[in-house]
Structures are given as C-alpha cells and as structure tokens.
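Written below as structure tokens is the structure these notes are about.
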Amino acid sequence: MDEYSPRRHDIAELKYLCENLIHEAFSVLNRTDNHWIHDLTSEKSLKLNELIEHIAAFVWSFKIKYSDNHTLSTLIDDYLDETYNLFGSDKISFLELTKWQKTNEHLTNVLLHDLNAALSKI
1 MDEYSPRRHD IAELKYLCEN LIHEAFSVLN RTDNHWIHDL TSEKSLKLNE
51 LIEHIAAFVW SFKIKYSDNH TLSTLIDDYL DETYNLFGSD KISFLELTKW
101 QKTNEHLTNV LLHDLNAALS KI
C-alpha cells in the first residue's frame, strides 16, 4: 500500500492478508484431544509471527491513510489483539480458536462488503 493506491486495492490486500493468516495459523498448530499445541519455536511459527507483524504494519499504514474509518480500524485492532494473544500461547483451546476463526470470518466479510462497495463506484 502506498499513498496513491486506490482504496479497493488496499482493502483487497488486507482481505488477502487476513485470509492468508488463517491458513498459516492452522499450519502451525498440532491438535490433541482437548486443545491445540503451538510450538512457539518452530520455523512455521516464526514465519507466522512475521506475517502477523507484516499485517500489523500494513494496518498501521491503513489507519493513517483512512483515518475517517474508525469502525473498521477498531475491528482490525481487536482482531490483531486477539491474534497476538492467541498465538503468543503454546496451548490454545478449541473454544478460543473457534472464537478467533469467527472474528477472522467477520472481518473478511466486512472487508468484502467494503471492497464490493468500492468496486460498485467504478
């Protein structure tokens, strides 16, 4: 994202990053009978952390560029906070992961709606 990219491009990129994050997140987890195990020192986990940091940097730029969209910024902040808290732990309950998945799904749906609205103005 740069200062000249259109909003629809920025929204599409953010949506892609959130969708990519959920796929990468599941690749680092190992399921047990009653929770997920997250090896914080694995190479996959380190790559996941890099992706989360990249998304956080992207969101920071997004919030500056689109400072008028407080509702979306708040939703994204909550999502990132939940992501940091969840994947900073070596054990993740099924309930916590399901809640995070729903938050991710809600955010991507909001971004899709925003993207469709931006595309309809073309």
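The UniProt record's numbering applies: residue 1 is where the sequence shown begins, and numbers increase by one.
Ideal Cβ placement from N, Cα and C applies to all residues, glycine included.
The stretch 15 to 60 contains, as complete beta strand (DSSP E) runs of 3+ residues, the segments 29 to 31 and 35 to 38 (chain order). Comparing alpha carbon positions, the residue from A118, E43, H70 and E82 closest to C18 is E82.
Collapsing the DSSP output to three states places K121 in coil. Taking N30 as the centre and dropping the five residues before and after it, the same chain places the C-beta of I37 closer than 6 angstroms to its C-beta, in chain order. For S73, the secondary structure class from DSSP, reduced to helix, strand or coil, is helix. Beta-carbon to beta-carbon, A12 and L115 are separated by about 6 angstroms, close enough to satisfy the 8 angstroms threshold. Taking C-beta atoms under 8 angstroms as the contact rule, D10 and F62 qualify, at a distance of about 6 angstroms.
With contacts defined by Cβ atoms closer than 8 angstroms, N85 and I22 do not form a contacting pair.
The beta carbon of D39 sits closer than 8 angstroms to those of V28, N30, S45 and D90, all from its chain and outside the five residues before and after it, given in chain order. For S5, there is no enclosing beta strand (DSSP E), since its DSSP letter is neither H nor E.
Here Y79 has C18, T103, N104 and L107 as same chain residues with Cβ atoms under 8 angstroms from its own Cβ, once five neighbours each way along the sequence are excluded. By the neighbour-count criterion, in which a residue is buried when 16 or more other Cβ atoms sit within 10 angstroms of its Cβ, W100 is buried.
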